[in-house]
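To start, the structure under review is shown below, and the notes come after it.
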Amino acid sequence: MTTSEIQFDAPADPVADGPVLQVEDLQVSFPSESGRVHAVRGLSYQVSPGEVLGIVGESGSGKSVSSLAVMGLLPSSARVSGSIKFQGRELIGRSDTELSKIRGRRVSMVFQDPLSALTPVYTVGDQIAEAILVHKKGAVSKAAAAKRSVELLDLVGIPNAAERVKAFPHEFSGGMRQRAVIAMAIANDPDLIIADEPTTALDVTVQAQVLQLLETAQEVTGAGIVIITHDLGVVAGFADRLMVMYAGRAVEKGKVDEIYQQPRMPYTLGLLGSIPRLDFSEKQALVPIKGQPPSLTDLPPGCPFAPRCPMVVDACHTAEPPLMDVDGSIEHAAACIRTNEIAAADAEGAEAAVEIFGAEVADEPEVAKIPREQRDIVLGLDNLVKEYPVNKGVVFKRRVGTVHAVAGISFDVREGETLGLVGESGCGKTTTLMEILNLQKPMGGEISVLGTKSSEVDAKRRFAIRRDMSVVFQDPMASLDPRLTIHDCIAEPMQVHGYAKDEINRRVPELMRLVGLRPDQLSRYPGEFSGGQRQRIGIARALALEPKLVVLDEPVSALDVSIQAGVINLLEELKSKLGLAYLFVAHDLSVVRHIADRVAVMYLGKIIEIGGVDSVFDAPRHPYTQALLSAIPIPDPVKERQRERIILTGDLPSPANPPSGCRFRTRCFLHASLPPEKQRQCIEVEPLREAQAADHEAACHFAQVRQVL
Amino acid sequence: MTVILNEGDAAGTTGAASGSPVDAAPDPEKAMTRGRLVFIRFMRNKLALVGLVVIIGMYLMAFVGPLLSKWSYDTQDYSAFLEPPYSEHIFGTDKIGTDMFALTMRGLQKSLIIGLLVALISTSIAAVVGAAAGYFLGVADKTLMWVVDLLLVLPSFLIIAILSPWFRGKSWFLLVVMLAAFQWMITARIVRGMTLTLKEREFVKAAKFMGQPARKIIAKHIVPNMASLLIIDATINVGSAVLAETGLSFFGFGVQSPDVSLGTLIGLNAESATTFPWLFLFPAGFLVVFVLAVNWVGDGLRDALDPTSTRVRRKEKKDTKEKAA
Numbered sequence: 001m002t003t004s005e006i007q008f009d010a011p012a013d014p015v016a017d018g019p020v021l022q023v024e025d026l027q028v029s030f031p032s033e034s035g036r037v038h039a040v041r042g043l044s045y046q047v048s049p050g051e052v053l054g055i056v057g058e059s060g061s062g063k064s065v066s067s068l069a070v071m072g073l074l075p076s077s078a079r080v081s082g083s084i085k086f087q088g089r090e091l092i093g094r095s096d097t098e099l100s101k102i103r104g105r106r107v108s109m110v111f112q113d114p115l116s117a118l119t120p121v122y123t124v125g126d127q128i129a130e131a132i133l134v135h136k137k138g139a140v141s142k143a144a145a146a147k148r149s150v151e152l153l154d155l156v157g158i159p160n161a162a163e164r165v166k167a168f169p170h171e172f173s174g175g176m177r178q179r180a181v182i183a184m185a186i187a188n189d190p191d192l193i194i195a196d197e198p199t200t201a202l203d204v205t206v207q208a209q210v211l212q213l214l215e216t217a218q219e220v221t222g223a224g225i226v227i228i229t230h231d232l233g234v235v236a237g238f239a240d241r242l243m244v245m246y247a248g249r250a251v252e253k254g255k256v257d258e259i260y261q262q263p264r265m266p267y268t269l270g271l272l273g274s275i276p277r278l279d280f281s282e283k284q285a286l287v288p289i290k291g292q293p294p295s296l297t298d299l300p301p302g303c304p305f306a307p308r309c310p311m312v313v314d315a316c317h318t319a320e321p322p323l324m325d326v327d328g329s330i331e332h333a334a335a336c337i338r339t340n341e342i343a344a345a346d347a348e349g350a351e352a353a354v355e356i357f358g359a360e361v362a363d364e365p366e367v368a369k370i371p372r373e374q375r376d377i378v379l380g381l382d383n384l385v386k387e388y389p390v391n392k393g394v395v396f397k398r399r400v401g402t403v404h405a406v407a408g409i410s411f412d413v414r415e416g417e418t419l420g421l422v423g424e425s426g427c428g429k430t431t432t433l434m435e436i437l438n439l440q441k442p443m444g445g446e447i448s449v450l451g452t453k454s455s456e457v458d459a460k461r462r463f464a465i466r467r468d469m470s471v472v473f474q475d476p477m478a479s480l481d482p483r484l485t486i487h488d489c490i491a492e493p494m495q496v497h498g499y500a501k502d503e504i505n506r507r508v509p510e511l512m513r514l515v516g517l518r519p520d521q522l523s524r525y526p527g528e529f530s531g532g533q534r535q536r537i538g539i540a541r542a543l544a545l546e547p548k549l550v551v552l553d554e555p556v557s558a559l560d561v562s563i564q565a566g567v568i569n570l571l572e573e574l575k576s577k578l579g580l581a582y583l584f585v586a587h588d589l590s591v592v593r594h595i596a597d598r599v600a601v602m603y604l605g606k607i608i609e610i611g612g613v614d615s616v617f618d619a620p621r622h623p624y625t626q627a628l629l630s631a632i633p634i635p636d637p638v639k640e641r642q643r644e645r646i647i648l649t650g651d652l653p654s655p656a657n658p659p660s661g662c663r664f665r666t667r668c669f670l671h672a673s674l675p676p677e678k679q680r681q682c683i684e685v686e687p688l689r690e691a692q693a694a695d696h697e698a699a700c701h702f703a704q705v706r707q708v709l
Numbered sequence: 001m002t003v004i005l006n007e008g009d010a011a012g013t014t015g016a017a018s019g020s021p022v023d024a025a026p027d028p029e030k031a032m033t034r035g036r037l038v039f040i041r042f043m044r045n046k047l048a049l050v051g052l053v054v055i056i057g058m059y060l061m062a063f064v065g066p067l068l069s070k071w072s073y074d075t076q077d078y079s080a081f082l083e084p085p086y087s088e089h090i091f092g093t094d095k096i097g098t099d100m101f102a103l104t105m106r107g108l109q110k111s112l113i114i115g116l117l118v119a120l121i122s123t124s125i126a127a128v129v130g131a132a133a134g135y136f137l138g139v140a141d142k143t144l145m146w147v148v149d150l151l152l153v154l155p156s157f158l159i160i161a162i163l164s165p166w167f168r169g170k171s172w173f174l175l176v177v178m179l180a181a182f183q184w185m186i187t188a189r190i191v192r193g194m195t196l197t198l199k200e201r202e203f204v205k206a207a208k209f210m211g212q213p214a215r216k217i218i219a220k221h222i223v224p225n226m227a228s229l230l231i232i233d234a235t236i237n238v239g240s241a242v243l244a245e246t247g248l249s250f251f252g253f254g255v256q257s258p259d260v261s262l263g264t265l266i267g268l269n270a271e272s273a274t275t276f277p278w279l280f281l282f283p284a285g286f287l288v289v290f291v292l293a294v295n296w297v298g299d300g301l302r303d304a305l306d307p308t309s310t311r312v313r314r315k316e317k318k319d320t321k322e323k324a325a
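If you read the protein sequences in the order shown, they are chains A and B.
Numbering of the first sequence is given in full-length UniProt numbering, commencing with residue 1 and proceeding in unit increments.
Numbering of the second sequence is given in full-length UniProt numbering, commencing with residue 1 and proceeding in unit increments.
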């Protein structure tokens, strides 16, 4: 990195005396059909050089809009007032051309979706070079910019940067694209980086890499960072200060530790209590925040959070509380009239949330009292194989390879238990699910549902099995037919299986109540419900036929944390009430820890570790599980800073050409630390699943326990 | 239907719902079926209702009108040639003394039936073929798309001309079938494409995994989700079927004199539009009104079927406000 003509400034920039960004009383409103939407209402904050400010809030709280206002990227219909000062210069009222000189040069932005942040028709290198040339035209030659883009890609950790610089965005994986976007963001040594949900669209392992990279970027450029997220876990270890937004205003701000340990606003409490914790082994009660953020068109007077607040009193409805200093600290402020009472509560943090919101842990189902071995097997997979051919040619298709999507996996799910199936995207989770749900004869191995083998069933028997097995999909938007009313959606499985009309009409309202929705909304269309409500409808439909097994395909990953908690609680409650068995596919390990009894970790079409959830999480044996676990952020700044993170290098290898021997060896930190003769064993011999402890198997030659939480 | 202001309902739906498609039914536990809901929403659309009334009125007029008139389309009044409308001949007469009202009504009878049936048949074929090809893929797709391509490259006019000696003198229904047979292919291709994307949606998978047979998935999930396209297609087809029939008639196929259709009347009298306007204006006016009415009904049906349509809702809001005041 020493050969370049362009260098980063020394981190201590002389211009950067005082805050980099100072926002005072920012107001943003948009016109809409139902009146003006006041997306941001009087927001003030500042960011000093080298400081990381986290902005947290549910979707619709105005966090993205406020940062777009800073960048001057709002549509012209937006009305912006207040003051945004960047290095002492006022930004509001400047023309787009003037702002363009600052954007990308002094302030840069990292967007949520790395797929749409890059132009598909230019190479990644060209796009990074463009970011440099736009601002330093004349001063920098094209060749120098190209060279610089290689260095930048190298800096953000893309292996073989000189080669990859010529690649197009579609040839990059999601994590690599986000790295390229960060490379563009730091290309001009900005003084402020705004990252809008930079890790939301990414896998957990990649999320850890990207967060680390942002930290590196901050060290290199000395910039202030504003990181926007809805996940309190993400910012715990990374941010210095935190601002919680609700309904377009800051409702609490302060130092990270203070907010996590002594939250003084019920909304912050709720957000903290709604996150399932990876590091809690005993069952923890999750706090769902009821209802939804208010519509920002005409807010009633009083605290906007009052309709959802468990601590609401009459005084809350009279006036909107301003941000007031709490606990005698100048830096910590909250907008609530009852902060003193929250402070007086015995418990702190998430425990206080449980107390105040009154969340409860669902009971264990009856069937769970019988020892596991004596319960019936609801779903059994024996060495399941699924391969896809890779074809080439238009007229004459010839097979040029095979994608080993699922390469022989075995597990069983017993009555009344939840098996969590986890792994990065592309590891074969969804393929496994589809194979189970299709109930066709597998390419290899065997699937048995309730004792019936799928290779032996005829159409009639298959139809009968469908009654005992149902599915809840990830995307609540796509899983309900937009043209059917809720009643028809829930009634459909019963109609298929020949229920009488009266029976259906009786059962549908019953199911609505079961999932916590009001039956008088049955004549509505799915489009009128929120994501969380739609997911509940999806669950009601899955339960219509009283199944024994419910297959859940990432049922909460598309939901906001506060709503996610409600759905998780519902799933647990239903399980104990109805004695269901769940196959729970997820990439979020904290959710799995919360809901699952057993967990299976998949890597590249194989299960590499399986066992009881406490055993696997507390004493992981396989290096991949250890890396996965260490990548999950814990919403506790103190713990988070002490943790040592195992960062996996690179991305998932292609399943069309998996590594020989142990499939994980290419990314394995343990493998890298072994002497050559032991390494040979990893390369040549495929490790089999071996028992490590009671109900705990791992597939590693050199399995050893490592504490990562 | 009682109209209740639904504000108290907002408990969990605020933000997501800016209004409900129908207001709470008298018995909240009893949900409405899709058919009834669509019916209610359709009935709310005033313009669509007007269109429906106009279409029904035209049918009545076309079939009952001639019975009330003393003139017939195949008899002439030799005392009146090219007379403008007057009490005896309310639409006037043509150059051989045929009553224009009788002619127009006879033409309307033919065109109403041909237009609506051709549109209905061709759009249905397009929906079924396209959806089946897209859903099943494989052999079914290859075969059906081969048929589509074949029909697209064959000159339809030539085929009808070759076949016409065979169906001359046979019922008009054959003509309808022939017209429909050459109108559905392009729509079928579009429908197939849309089916391919719809098929990957999770609600279709959900239906499959609950054991819903393929034909029901197509009927219940895939076709209704393309309703907007199909309805627009059908309304366009009504107009083009009437005109296509004119073209055939001009070349001596289709409706033959002394029988008439709106198309033949318009074609025959177009040149008299400025000199003897009544010859042209009456048939043309009826055709325009007919196509317009079909469009209104089509729009109404589309809005009624589409839950995201805001047109019905905005009206509702106005309604509730008026009621509240």
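Glycine included, C-beta positions come from ideal geometry on N, C-alpha and C.
Query raised in the report: Between L152/A and A187/A, is the Cβ-Cβ spacing less than 7 Å?
Result: For the purposes of this step, residue 152/A is identified with residue 152 of the first sequence, where counting begins at 1. For the purposes of this step, residue 187/A is identified with residue 187 of the first sequence, where counting begins at 1. Yes, these two residues count as a Cβ contact at 7 Å.
Report task. Note down, in chain order, every chain B residue with its Cβ under 9 Å from the Cβ of H497/A. Result -> Position 497 of the first sequence, counted from the first residue, corresponds to residue 497/A. By Cβ distance, chain B contributes M210, G211.
Requested in this report: Step through the CB atoms of chain E and report whether any lies within less than 7 Å of the CB of S479/A.
Outcome: Looking for chain E here will not work: the only protein chains present are A and B.
Query raised in the report: Under the three-state reduction of DSSP, which class applies to Q692/A: helix, strand or coil?
Result: Your numbering for residue 692/A matches position 692 in the first sequence. Strand, per DSSP.
Report task. For G174/A, name the three-state secondary structure that DSSP assigns. Result -> Numbered from 1 along the first sequence, position 174 holds the residue referred to as residue 174/A. Helix at G174/A.
Query raised in the report: Which parts of the stretch 247-297 of chain A are runs of the beta strand (DSSP E), unbroken and 3 residues or longer, counting only runs that do not cross its ends?
Result: 249-255
Query raised in the report: According to DSSP, is T229/A helix, strand or coil?
Result: Looking up residue 229/A in the first sequence gives position 229. If DSSP states are grouped into helix, strand and coil, T229/A belongs with the strands.
Query raised in the report: Buried or exposed: which applies to F172/A, given that a residue is buried once 16 or more other Cβ atoms fall within 10 Å of its Cβ?
Result: As a working note, residue 172/A is residue 172 in the first sequence. F172/A should be labelled buried.
Query raised in the report: How many angstroms separate the CA atom of M43/B from the CA atom of L522/A?
Result: As a position in the second sequence, residue 43/B is number 43, starting the count at 1. As a position in the first sequence, residue 522/A is number 522, starting the count at 1. Between M43/B and L522/A, the C-alpha separation is close to 20 Å.
Query raised in the report: Could you give the distance in angstroms between the alpha-carbon of Y86/B and the alpha-carbon of A80/B?
Result: For the purposes of this step, residue 86/B is taken as the residue at position 86 of the second sequence. For the purposes of this step, residue 80/B is taken as the residue at position 80 of the second sequence. So the two alpha carbons sit approximately 11 Å from each other.
Query raised in the report: According to the neighbour-count rule (16 or more other Cβ atoms, all chains shown, within 10 Å of its Cβ), is F86/A buried or exposed?
Result: Residue mapping note: residue 86/A aligns to position 86 of the first sequence, counting from 1. That one is buried.
Query raised in the report: Helix, strand or coil for Y59/B per DSSP?
Result: By 1-based counting over the second sequence, the position of residue 59/B is 59. Looking at Y59/B - three-state DSSP - the assignment turns out to be helix.
Requested in this report: Under 8 Å between beta-carbons, which chain A residues line up against L243/B? List them in chain order, please.
Outcome: Against the second sequence, residue 243/B aligns to sequence position 243. In chain order: nothing, as chain A lies at least about 32 Å away.
**Report entry** Chain-order list of residues whose beta-carbon lies under 6 Å from that of V70/A (same chain, five-residue window excluded)
**Finding:** Taking the first residue of the first sequence as 1, we reach residue 70/A at position 70. Excluding sequence neighbours, V70/A sits near I84.
Query raised in the report: Rounded to a whole number of angstroms, what is the C-alpha to C-alpha distance between L589/A and D636/A?
Result: Along the first sequence, read from residue 1 onward, the residue named residue 589/A stands at position 589. Along the first sequence, read from residue 1 onward, the residue named residue 636/A stands at position 636. One C-alpha to the other measures close to 16 Å.
Report task. May I ask you to list, following chain order, the residues of the stretch 217-244 of chain B that have a beta carbon less than 9 Å from some beta carbon of chain A? Result -> K220, H221, P224, N225, A227
Report task. Just confirm the distance between the C-beta atoms of A405/A and E387/A, as a whole number of angstroms; I'd bet it's less than 8 Å. Result -> What you label residue 405/A is simply residue 405 of the first sequence in a count that begins at 1. What you label residue 387/A is simply residue 387 of the first sequence in a count that begins at 1. About 7 Å; that satisfies the 8 Å criterion.
Query raised in the report: Taking any Cβ of chain B, which residues in the stretch 525-543 of chain A have a Cβ under 7 Å from it, in chain order?
Result: Y525, G527, E528, F529, S530, Q533
Query raised in the report: Should the stretch 412-431 of chain A be called in touch with the stretch 366-373 of chain A, which here means at least 3 C-beta pairs below 8 Å?
Result: yes
Query raised in the report: Do E697/A and A691/A come within 7 Å of each other at the CB atom, strictly closer than that value?
Result: As a working note, residue 691/A is residue 691 in the first sequence. As a working note, residue 697/A is residue 697 in the first sequence. Taking 7 Å as the Cβ cut-off, A691/A and E697/A qualify as a contacting pair.
Query - Residue from L268/B, D306/B, P213/B, V128/B with nearest C-alpha to residue 741/A - result: There is no way to answer for residue 741/A, as the model of chain A reaches only from 1 to 709.
Report task. Give every residue of the same chain whose Cβ lies closer than 7 Å to the Cβ of A208/A, excluding the five residues on either side of it in the sequence, and list them in chain order. Result -> Within the first sequence, numbered from 1, the residue matching residue 208/A stands at position 208. Same-chain partners within the cutoff: A631, R645, I647.
Report task. Mark K63/A as exposed unless 16 or more other C-beta atoms lie within 10 angstroms of its C-beta, in which case mark it buried. Result -> Along the first sequence, read from residue 1 onward, the residue named residue 63/A stands at position 63. By the neighbour-count rule (16 or more Cβ atoms within 10 Å), K63/A is buried.
Requested in this report: Give the range of the alpha helix (DSSP H) segment to which V392/A is assigned.
Outcome: Working through the first sequence from its first residue, we reach residue 392/A at position 392. Here residue 392/A is Lys; the residue named in the question, Val, does not match the sequence. Element bounds for K392/A: not the alpha helix (DSSP H) but the beta strand (DSSP E), 377-392.
Query - 6 Å CB neighbourhood of L21/A in its chain, flanking five on each side removed - result: On the first sequence, position 21 is the one that residue 21/A refers to. Correct list, in chain order: V47, F86, L192.
**Report entry** Span separating the alpha-carbon of R665/A from that of E684/A
**Finding:** As a working note, residue 665/A is residue 665 in the first sequence. As a working note, residue 684/A is residue 684 in the first sequence. About 11 Å.
**Report entry** N- and C-terminal bounds of the alpha helix (DSSP H) containing V561/A
**Finding:** Looking up residue 561/A in the first sequence gives position 561. Per DSSP, V561/A belongs to the alpha helix (DSSP H) from 561-578.
Query raised in the report: Is the shortest distance between the beta-carbon of R201/B and the beta-carbons of chain A less than 7 Å?
Result: The residue labelled residue 201/B in the question sits at position 201 within the second sequence. Yes, because at least one Cβ of chain A sits closer than 7 Å to the Cβ of R201/B.
Report task. Could you please give the first and the last residue of the uninterrupted beta strand (DSSP E) stretch that includes S79/B? Result -> Numbered from its first residue, the second sequence carries residue 79/B at position 79. Segment: none, S79/B is in no beta strand (DSSP E) and carries neither H nor E.
Query - Of the listed residues V313/A, P293/A, M311/A, nearest to P304/A (C-alpha basis) - result: Locating residue 304/A in the first sequence gives position 304, where the first residue counts as 1. Nearest C-alpha to P304/A: P293/A.
Report task. Have a look at P84/B, V204/B, R34/B, Q76/B and flag the residue whose alpha-carbon is nearest the alpha-carbon of M477/A. Result -> On the first sequence, position 477 is the one that residue 477/A refers to. Nearest option by C-alpha distance: V204/B.
Query - Exposure of G566/A, with buried meaning 16 or more beta-carbon neighbours within 10 Å - result: Translated into positions along the first sequence, residue 566/A becomes position 566. Under this definition G566/A is a buried residue.
Report task. Would you kindly report the start and end of the unbroken alpha helix (DSSP H) that includes Y135/B? Result -> The count along the second sequence starts at 1 and reaches residue 135/B at position 135. Looking at the DSSP string, the run of the alpha helix (DSSP H) that includes Y135/B is 100-136.
Query raised in the report: Quick one: is P307/B near chain A, going by C-beta distance under 7 Å?
Result: Position 307 of the second sequence, counted from the first residue, corresponds to residue 307/B. Yes - at least one Cβ of chain A is within 7 Å of the one on P307/B.
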